[in-house]
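See structure below.
Residue numbers (our numbering), protein chains in the order written: chain C, 1097 to 1240; chain P, 12 to 167.
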């Protein structure tokens, strides 16, 4: 029983694509006719099932737009009472805030992956430096 | 294929990039899955038992809060297992209801103190930084293949 349970995994598929919507990802899973449970969410889909089947289906979904669909494993299964907000009295589920912050960066990461694939050379960026102690001292002295 | 520990340990972007470039991410989610789905160790709601803070004693002293030690019981073995690491700083979202600032400090310290290839960078704020972020991670992960290939040749 334990072994059987261990083999079941959940993956979060976060779409940040202009051409692929979460519903397209969901349709891909429905087409696959494997023993998989899927839950559509505002950021993408959650796919649960046996490890091999999930990996196969997730690869198919990612291939729809590989640089703009991101995947990570999730610890809890979808709808788990310990996490699902339906049974916790509302509010975002724990962990969602992090996902939201990262989801906002995904268009940027997607564009960068496109550029990497096209071998676009890296631009030189000037990083802001922290104010040195000596400079701060000079500023203070100049205003005295 | 190298085992790469990522910080923040539950990052979607890092976990995806490491896997995308052919390595295994060591992330919190898999360890949590083992914890919450293993039958027989039920201690609802999170299956965290009194044993965890004891395991954490390997990484933090006894006067350190149990929360830090409990978290280190999960993070510590991941750091020991790692063959390379990626630390992304400037990640305030790693601190909050699900994160602990002191655990984060200790995690980063332990990753840095391991003698293994390590990349440190910050989360990007615009497209140019995003490009640099992805390029640096990609080059780092590709270089791991070369390092691993060389070390395997040396052992043969």
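Beta carbons: idealized from backbone N, C-alpha and C, even for Gly.
1. For residue 118/P, report the span of its beta strand (DSSP E) as first-last.
2. Taking buried to mean at least 16 other C-beta atoms within 10 Å of its own C-beta, is residue 120/P buried or exposed?
3. Locate the alpha helix (DSSP H) running through residue 1203/C, then write down its first and last residues.
4. What in chain P is Cβ-close to residue 1198/C, meaning under 7 Å?
5. CB-CB under 7 Å to residue 42/P, same chain, minus the five flanking residues each way: which ones, in chain order?
6. Tell whether a beta-carbon distance below 7 Å holds between residue 95/P and residue 127/P.
7. With DSSP as the reference, please indicate the residues paired to residue 1146/C in a beta bridge.
8. Between which two residues does the beta strand (DSSP E) harbouring residue 1135/C extend?
9. Taking the Cβ atom as the reference point for each residue, do residue 1110/C and residue 1145/C lie within a distance shorter than 7 Å?
10. For chain P, find out if any of its Cβ atoms is closer than 7 Å to the Cβ of residue 1134/C; answer yes or no.
11. To the nearest angstrom, how far is it from the Cα of residue 1098/C to the Cα of residue 50/P?
12. Return the residues of the stretch 132–147 of chain P that lie within a Cβ-Cβ distance of less than 8 Å from chain C, sorted by chain order.
13. If distances are taken between C-alpha atoms only, which option among 114/P, 23/P, 64/P comes closest to residue 1202/C?
14. Since residue 230/P sits in a beta bridge, which residues does DSSP pair it with?
15. What would DSSP say about residue 147/P, mapped onto helix, strand or coil?
For this structure:
1. Premise fails: residue 118/P lies in the alpha helix (DSSP H), 112–124, not in any beta strand (DSSP E).
2. exposed
3. 1192–1213 is the span of the alpha helix (DSSP H), which, as asked, contains residue 1203/C.
4. 22, 23, 24
5. Excluding residues within five positions, the ones whose Cβ falls inside 7 Å are 85, 89.
6. yes
7. 1104/C
8. 1133–1136
9. no
10. no
11. Confidence in residue 1098/C is poor, its pLDDT being 43 and thus under 50, which makes the residue's placement unreliable; the coordinate value appears in the next sentence. Approximately 6 Å between the Cα atoms of the pair.
12. 134, 135, 137, 138, 139, 140, 141, 142, 143, 144, 145, 146
13. 23/P
14. With chain P covering only 12 through 167, there is no way to say anything about residue 230/P.
15. helix
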